[in-house]
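Undergrad: I am attaching a structure below and will ask some questions about it afterwards.
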Amino acid sequence: SDTAYLTNLHAEFESHARFVKGQDRRHWESEFGIRHYAGCVSYTVKGFVDKNRDVQQDVLFDHMSRSSNNFVQEIASFQDLLSIQQVQSASTVGTVLRGTSKGKLTVSDTFRQQLQALVDVLQSTTPWYVRCIKPNAEKLPNDYNDQLVLDQLRYLGMLDIIRIRREGFPVHLTFDDFVQKYQCLAKRFRNMTSKDQALAVIRELNVPNTEWQMGKTKVFLRNVVHEPLEDARKQINHTKALVIQSNWKRFAQQRNFRKMRSAALKIQHAYKGWKLRIEFLKKRRAAIVIQSHLRGVFAREVATALREMRRVDEEMRKRERLEAERKEREAAQAEADRKALEESEREGHCASSAQ
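Be aware that the sequence shown starts at 1, since it is given in the UniProt record's numbering, and climbs by one per residue.
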C-alpha cells in the first residue's frame, strides 16, 4: 500500500541528508520530500504503488519485436528482462521493489533504465549545458517579463549557482593565461616556468592568501580578487590603448600633414609657375609692342634719313647736271665767241689786205 511504501522510505532514508520527511508533521504519513540542488521538493505518495504496478503488456513488446521497422524493433529489444533484473538487483531501494511482480517490466523500471542509460551517455562525454530563459510566455519580441524571468532563474537554481560560485573560487585560469592577462600589473619574470611566473605575479600584486588557490595546472580566484584585477588590467589596457591611439593619431596627422604640405607646395609651384608664365607672356607682349614701336620709330627715322639722303643726292645730281649744262653752255659760248673772234679777225685781216 501507499502507507507501507512511505514507511519503507522513512526506514531506508531517514538518515539521508537529501531525504526530508516533510515540512508538516501532519503530512508525514502522506508525503515526503527530497532536497534537490535547486531546493526542497515535496511528493505525495497517493497512487505511487498503483502507478508502479502499471505493468507493461508483454504482448505489446512481442508485436513490437516483430515489427518491420528497425527502430521499433530496437525499442522492443531495449526492454530486455535480464537487464531489468540487473538494474533491480543493483538498486539500493530493493525493499521498495519487492511489491512489484518478479520478471515484470513496470513503467518506473523502464523510466529508471532509460534515465540510467542517459546518465551513462552523459558521463561518457563532456557536455555543455545551455539554459534558455523565456522573456515572455507568448514568445513575442520586444516584450520582457521581469517576474517570469526571475521565476525561471529561481526554478533553474541560477541564484543558488551564482551564490555558490561566489562563495567558492569561480575563476579558473591556466598558468599561461593568468600570466598573459595579469603580467601587465607586475614586473616581468624571465627564465621561470609558467606556474612560478603565476605565483610571482600573485605575490607581486599582494593578493591575500585566502582569496586564491594554486592547482596543478590552474589558478583559482575568488570574485573579490578577480574583479579588481580585471578593473586594473582594463584600466592599464585602456591607458596603453590611449597611448597607442594618440601615437597612431599623431603619426596619421603627421602623414596627412606631409601629404597636405606636399600637395600645397605642388599647388604653389604650379600657381607660381602659371603666374610667372602669365607675367612673362605679358612682359613679352609688352616688349614686342615696345620693340615694334621702337622699330617703327627707327624705321621711320631711317626712311626719313634715306629720303633726305636721296633728296640730297638728287640735289647734288641736279646741281652737277646744271653745272655741267652751264659749263657746256659756257664752253659753247666760249667756242662761239672764239669762232666769232676768229671770224672777226679773219674779216679784219681780209679788210686790211684789201686796202
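Positions of the beta carbon are idealized from the N, C-alpha and C atoms, including for glycine.
For the structure I just gave you, are there three or more beta carbon pairs, one from the segment 221-239 and one from the segment 164-179, closer than 8 Å?
TA: Yes, they touch.
Undergrad: Consult DSSP for residue 226 and reduce its assignment to one of helix, strand or coil.
TA: In the sequence shown, the residue the question calls residue 226 occupies position 226. Helix.
Undergrad: If you draw a straight line from the C-alpha of residue 304 to the C-alpha of residue 310, how long is it?
TA: What you label residue 304 is simply residue 304 of the sequence shown in a count that begins at 1. What you label residue 310 is simply residue 310 of the sequence shown in a count that begins at 1. Going from the Cα of residue 304 to the Cα of residue 310 covers about 10 Å.
Undergrad: Does the pairing of the segment 157-167 with the segment 179-193 give three or more beta-carbon distances under 8 Å?
TA: No: the two stretches stay apart, fewer than three of their Cβ pairs being nearer than 8 Å.
Undergrad: Any chance the segment 3-13 sits against the segment 127-138, with 3 or more Cβ pairs inside 8 Å?
TA: Taking 8 Å as the limit for Cβ pairs, the verdict is that the segment 127-138 does not touch the segment 3-13.
Undergrad: Using 8 Å as the threshold, is the C-beta distance between residue 32 and residue 6 below it?
TA: Numbered from 1 along the sequence shown, position 32 holds the residue referred to as residue 32. Numbered from 1 along the sequence shown, position 6 holds the residue referred to as residue 6. It is a contact, given that the beta carbons lie within the stated cut-off.
Undergrad: Among all the DSSP beta bridges, which residues are the ones paired with residue 68?
TA: Translated into the one-based positions of the sequence shown, residue 68 becomes position 68. Residue 68 is not bridged to any residue.
Undergrad: Is residue 41 helix, strand or coil by DSSP?
TA: In the sequence shown, residue 41 corresponds to position 41, counting from 1. Three-state result, residue 41: strand.
Undergrad: For residue 167 and residue 67, what's the separation of their Cα atoms in angstroms?
TA: The sequence position of residue 167 within the sequence shown is 167, counting from 1. The sequence position of residue 67 within the sequence shown is 67, counting from 1. Straight-line Cα distance between these residues: approximately 56 Å.
Undergrad: Considering just the uninterrupted stretch of the alpha helix (DSSP H) at residue 18, what are its terminal residues?
TA: Residue 18 sits at position 18 when you count from the first residue of the sequence shown. Counting along the chain, residue 18 falls outside any alpha helix (DSSP H), and DSSP gives it neither H nor E.
Undergrad: Could you pull out every unbroken alpha helix (DSSP H) segment of at least 4 residues lying fully inside the segment 192-279, listed in chain order?
TA: If we require 4 residues or more, the alpha helix (DSSP H) runs fully inside the segment 192-279 come out as 194-204.
Undergrad: Who pairs with residue 35 in a beta bridge, going by DSSP?
TA: Working through the sequence shown from its first residue, we reach residue 35 at position 35. For residue 35, which the question treats as bridged, DSSP gives the partners 40.
Undergrad: Quick check: the Cα distance between residue 197 and residue 219, rounded to an integer number of angstroms?
TA: For the purposes of this step, residue 197 is identified with residue 197 of the sequence shown, where counting begins at 1. For the purposes of this step, residue 219 is identified with residue 219 of the sequence shown, where counting begins at 1. Each residue's Cα considered, the two are about 11 Å apart.
Undergrad: Assuming contact is defined by CB atoms lying nearer than 8 Å, are residue 186 and residue 205 in contact in what I supplied?
TA: For the purposes of this step, residue 186 is taken as the residue at position 186 of the sequence shown. For the purposes of this step, residue 205 is taken as the residue at position 205 of the sequence shown. A contact, by the Cβ cut-off of 8 Å.
Undergrad: Using only CA atoms, which one of 21, 143, 163, 134 lies nearest to residue 150?
TA: Working through the sequence shown from its first residue, we reach residue 150 at position 150. The shortest C-alpha separation from residue 150 is found at 134.
Undergrad: How far does the beta strand (DSSP E) with residue 9 in it reach, from first residue to last?
TA: Locating residue 9 in the sequence shown gives position 9, where the first residue counts as 1. Unbroken run through residue 9 is the alpha helix (DSSP H), 2-13; no beta strand (DSSP E).
Undergrad: Below 7 Å CB to CB, which residues in the same chain sit around residue 337 once its five sequence neighbours on both sides are set aside?
TA: Stepping through the sequence shown from its first residue, residue 337 is reached at position 337. There are no such residues.
Undergrad: Under 7 Å Cβ to Cβ from residue 44, same chain only, skipping five residues before and after it: list those, please.
TA: Taking the first residue of the sequence shown as position 1, residue 44 is located at position 44. Taken in chain order, the residues that qualify are 30, 31.
Undergrad: Between which two residues does the beta strand (DSSP E) containing residue 185 stretch?
TA: For the purposes of this step, residue 185 is taken as residue 185 along the sequence shown, with counting starting at 1. No beta strand (DSSP E) holds residue 185; DSSP gives it neither H nor E.
Undergrad: When you compare only the Cα positions, how much space is there between residue 242 and residue 40?
TA: As a working note, residue 242 is residue 242 in the sequence shown. As a working note, residue 40 is residue 40 in the sequence shown. Taking the straight line joining both Cα atoms gives about 53 Å.
Undergrad: Can the beta-carbon of residue 137 be found closer than 8 Å to that of residue 122?
TA: Within the sequence shown, residue 137 is the residue found at index 137, counting from 1. Within the sequence shown, residue 122 is the residue found at index 122, counting from 1. Result no, Cβ atoms of residue 137 and residue 122 do not sit closer than 8 Å.
Undergrad: Apart from the five residues just before and just after residue 75, which ones in its own chain have a Cβ nearer than 8 Å to its Cβ?
TA: Position 75 of the sequence shown holds residue 75. Here the set comprises 64.
Undergrad: Under the three-state reduction of DSSP, which class applies to residue 110: helix, strand or coil?
TA: For this step, residue 110 is matched to residue 110 along the sequence shown. DSSP places residue 110 in helix when its eight states are reduced to three.
Undergrad: Taking the C-alpha atoms as reference points, what is the distance between residue 266 and residue 272?
TA: Reading the sequence shown from its first residue, position 266 is the one you call residue 266. Reading the sequence shown from its first residue, position 272 is the one you call residue 272. Between residue 266 and residue 272, the C-alpha separation is close to 10 Å.
Undergrad: Buried or exposed for residue 89, going by 16 or more other Cβ atoms inside 10 Å?
TA: Working through the sequence shown from its first residue, we reach residue 89 at position 89. With a pLDDT of 47 at residue 89, under the threshold of 50, the modelled position of this residue cannot be trusted, and the question is left open.
Undergrad: So that I know if they touch, is there some Cβ in chain C lying closer than 8 Å to that of residue 74?
TA: Protein chain content of the structure displayed is limited to a single chain, and chain C is not contained in it.
Undergrad: Whole angstroms are fine: how far does the CA of residue 335 sit from the CA of residue 343?
TA: Within the sequence shown, the letter at position 343 stands for residue 343. Within the sequence shown, the letter at position 335 stands for residue 335. Spanning the two alpha carbons is a distance of roughly 12 Å.
Undergrad: Which value, in whole angstroms, describes the spacing of the CA atoms of residue 152 and residue 116?
TA: Here residue 152 refers to the residue found at position 152 when the sequence shown is read from its first residue. Here residue 116 refers to the residue found at position 116 when the sequence shown is read from its first residue. Residue 152 and residue 116: Cα-Cα distance of roughly 27 Å.
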